[in-house]
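Numbering (my numbering), first residue to last: 72 to 264.
We put the beta carbon where it would ideally sit given N, CA and C, even for glycine.
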Ligand code: FNR
């Protein structure tokens, strides 16, 4: 059984390592995980959240289109850098837009991956889990993937592409866990991961 995954990158910079992780995840699923389809859903065009823009009970078209992508997904893959010990502002903005009633995150499975400075983004991942409590997101617990983007050097190339085989294998394990958990959450499988 196939699942649709919406991947969100919390960084808007061109050679983002986190966007590179999403490209790598897409490549991994195409090559070696049957039944998982990942789409990189762009959040950069979203305006800053402003409830005045919800006039007449309608969202701006770009917000509506984003909300629809989330609604159609079975699960969410978050890939975000840590900014000042928390999630990035662009990602939080996207999460806030899709939380406006009706909250389209509800009951979805999710996984978080991050490439960041020293701690690999662990603090931001735990903040993201906390935000997900109110949104009714359900995160896989393990495996956790915190990638220190710079130490040791050479995990990413200058375009932000992941070129480290061991990290790719760890990423694959996250995707397999998300697949199993999504199917369980939806009652499509009783297998435990
Ligand atoms: C950072 N960075 C960072 N890293 C970290 O591990 N903990 C942190 O608290 C912060 N804080 C922070 C704040 C701001 C404003 C910036 C711009 C950067 C470093 C950041 O995570 C790192 O540059 C990542 O490589 C950025 O991800 P992308 O853009 O490569 O996906």
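Counting along the chain, where does the alpha helix (DSSP H) carrying residue i start and finish?
i	result
residue 49	No answer is possible for residue 49: it lies beyond the span of the chain, which begins at 72 and ends at 264.
residue 248	236-256
Please tell me whether, using a cut-off of 6 Å, the distance from the CB of residue i to the nearest non-hydrogen atom of ligand 1 is below it.
i	result
residue 87	yes
residue 132	no
residue 274	Any property of residue 274 remains undetermined from this structure, which presents the chain solely from 72 to 264.
residue 82	yes
residue 188	yes
residue 177	no
residue 152	yes
Would you mind reading off the limits of the beta strand (DSSP E) that contains residue i?
i	result
residue 187	180-187
residue 146	146-150
Quick one: grab the DSSP three-state call for residue i.
i	result
residue 141	helix
residue 75	strand
residue 108	strand
residue 202	helix
residue 228	coil
residue 208	coil
Are the beta-carbon atoms of residue i and residue j separated by less than 7 Å?
i	j	result
residue 107	residue 74	yes
residue 127	residue 227	no
residue 194	residue 154	no
residue 81	residue 187	no
Can you give me the Cβ contacts of residue i inside the same chain, cut-off strictly under 7 Å, excluding the 5 residues immediately before and after it?
i	result
residue 246	96, 99, 100, 104, 107
Within its chain, find whatever has a CB closer than 8 Å to the CB of residue i; leave out the 5 residues flanking it on each side and keep chain order.
i	result
residue 130	124, 138, 168, 171
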